[in-house]
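In what follows, a single structure is set out as structure tokens and then discussed.
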Amino acid sequence: MKKCPSTIKQEDDSGWTPLHMAARMGNKEYVKLLLKNDNSGACLKNKAGLSALHIAAKKGNVNVMKELTTVYPDIYELLNERDQSALHVAADSGERTAVELFLKRPEFNALINEQDVDGNTPMHLAAINGHYGIVSQMARFKGVNANAMNIKGSTTMDIVLSGKLHFQLKVCLYCPALLYLL
5 MKKCPSTIKQ EDDSGWTPLH MAARMGNKEY VKLLLKNDNS GACLKNKAGL SALHIAAKKG
65 NVNVMKELTT VYPDIYELLN ERDQSALHVA ADSGERTAVE LFLKRPEFNA LINEQDVDGN
125 TPMHLAAING HYGIVSQMAR FKGVNANAMN IKGSTTMDIV LSGKLHFQLK VCLYCPALLY
185 LL
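Quick note: the sequence shown uses our numbering, first residue 5, plus one each step.
So this is what it looks like as structure tokens:
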């Protein structure tokens, strides 16, 4: 890094930098070292539009997320190509510890109701993917708009109910006796 500092921001064919890779692996010490030498790389996005924070959130690498937001406090405002914050990505991936980090820190409160290109909030994405524990966790958060509608006109509860109904119909088809246990 000292001999050739440009390697810190050098991208591979997919636009991944060493910081992106370290964030994916959860290597906090390497992330810290890279940011110490050049923190401007924290804002770089790969070709899929993901920043290092998006990547760390997707993998649940909370220590890396803490390091990135400490060194570069405004990084949480970065959006991917679908207008999703790192909270959207964490909720979509089912990474409960990453979601908890966002919910515990007041500076991230505004992210809870942000909508992506499809009008989905992070809570919508958790529901769509069946991460009902995260939906419940977010529903208890003060300030969450549980009635937010996506572009299909669905609220989070609509998605949760349709998912559970779909599951119950499958059970009914294959083993009607189990339906009474639900």
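Glycine included, C-beta positions come from ideal geometry on N, C-alpha and C.
As the structure is a computational prediction, the values presented were derived from the model and not from experiment.
Item	Value
Please list, in chain order, all residues of the same chain as K32 whose beta carbon is under 6 Å from its beta carbon, the five residues on each side excluded.	N67, V68 and E71
Determine, using beta carbons only, whether Y34 and L57 come nearer to each other than 8 Å.	no
Thinking C-alpha only, which one of R109, R144, A27 and P126 is nearest R86?	P126
Can you list, in chain order, the residues of its chain whose CB lies under 7 Å from that of L129, leaving out five sequence neighbours each side?	H92, A95 and D96
Taking K64 as the reference, which of T101, M142 and L39 has the closest Cα?	The sequence given here has Gly at residue 64, not Lys. Comparing Cα positions, the closest option is T101.
Taking C-alpha atoms, which residue in M29, A114, Q119 and K40 lies nearest to I155?	Q119
Does the distance from the C-beta atom of N43 to that of H24 stay below 8 Å?	no
Let's test the definition: count the other Cβ atoms within 10 Å of the Cβ of G45 and tell me whether it reaches 16, buried, or not, exposed.	buried
Which word fits A114, buried or exposed, when buried means at least 16 other C-beta atoms lie within 10 angstroms of its C-beta?	exposed
Just verifying my parser: in three-state terms, what is the DSSP assignment at Y184?	With a pLDDT of only 44 at Y184, under the threshold of 50, the placement of this residue in the model should not be trusted; the figure read from the coordinates follows. It is coil, neither helix nor strand.
Once you ignore the five residues that flank G53 on each side, which residues in its own chain have a CB closer than 6 Å to its CB?	N84 and E85
Can you list, in chain order, the residues of its chain whose CB lies under 7 Å from that of D122, leaving out five sequence neighbours each side?	N154 and I155
Does DSSP classify Y34 as helix, strand or coil?	helix
For Q88, is the classification buried or exposed, using 16 other Cβ atoms within 10 angstroms of its Cβ as the cut-off for buried?	buried
Between which residues of its own chain and V164 is the CB-CB distance below 8 Å, once the five residues before and five after are set aside?	A131, Y136 and V139
Tell whether a beta-carbon distance below 8 Å holds between A152 and N117.	yes
In whole angstroms, give me the CA-to-CA distance for T74 and G167.	38 Å
Unbroken alpha helix (DSSP H) runs of length 4 or more, entirely within the segment 118 to 167: which are they?	126 to 132 and 136 to 143
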